[in-house]
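A.B. asks: Just so we're aligned, residue 19 is where the sequence shown starts under the numbering used here, counting upward by one.
We put the beta carbon where it would ideally sit given N, CA and C, even for glycine.
Sharing a structure here in structure tokens format.
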Amino acid sequence: MAGERQARLADRIRVLIAERLEKGLRDPRLGFVTITDVRVTGDLQHASVFYTVYGDDEAREGTAAALKAATGMLRSEVGRQLGTRLTPSLEFILDALPENAGHIEDLLREARERDAAVAGIAASGTYAGETDPYVKPRELDDED
19 MAGERQARLA
29 DRIRVLIAER
39 LEKGLRDPRL
49 GFVTITDVRV
59 TGDLQHASVF
69 YTVYGDDEAR
79 EGTAAALKAA
89 TGMLRSEVGR
99 QLGTRLTPSL
109 EFILDALPEN
119 AGHIEDLLRE
129 ARERDAAVAG
139 IAASGTYAGE
149 TDPYVKPREL
159 DDED
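Structure (structure tokens):
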């Protein structure tokens, strides 16, 4: 039961923050932000907000500073619209999802190249012994 409430609250916080960021903050440092996930603690007192930023490292740093500066305002707006007795504190964490996805793509590309190399070696290879090393039952002749 508590897990359901946590999930509902986390989803609602994610939507509220995303809507507020879509309306815009008056901070020129804020880049193109996507809220990817929100996790709320079991006592509903703390929410970790994961986000990604489209752009380079400078855009990420500027967005992190803008979100840190706007944390109080975003928390008060979330508290106003949630209608709960206590408003959870917000912590913004840069999500490493794009970097991890890029790393996984590189690993998969490398695995495909190695598989192709092994397939090329296997195609030109020959057997070390007989072509069919498994023992087969004897075939009976007409004389037996």
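Quick one: grab the DSSP three-state call for Leu-43.
C.D. replies: The answer is coil: DSSP assigns Leu-43 none of H, G, I, E or B.
A.B. asks: How far does the beta strand (DSSP E) with Leu-100 in it reach, from first residue to last?
C.D. replies: Looking at the DSSP string, Leu-100 is not in any beta strand (DSSP E); the run it does join, the alpha helix (DSSP H), is 89 to 100.
A.B. asks: At which residues does the beta strand (DSSP E) containing Thr-70 begin and terminate?
C.D. replies: It spans 64 to 72 - the beta strand (DSSP E) in which Thr-70 sits, taken as one unbroken run.
A.B. asks: For Thr-52, list the residues DSSP reports as bridge partners.
C.D. replies: Bridge partners of Thr-52: Thr-70.
A.B. asks: Drop a sphere of 10 angstroms on the beta-carbon of Thr-102, count the other beta-carbons inside from all chains shown, and report buried for 16 or more, exposed for fewer.
C.D. replies: Per the 10 Å Cβ criterion, exposed.
A.B. asks: Between the segment 22 to 39 and the segment 50 to 60, do at least 3 Cβ pairs fall closer than 8 angstroms?
C.D. replies: Touching, per the Cβ criterion.
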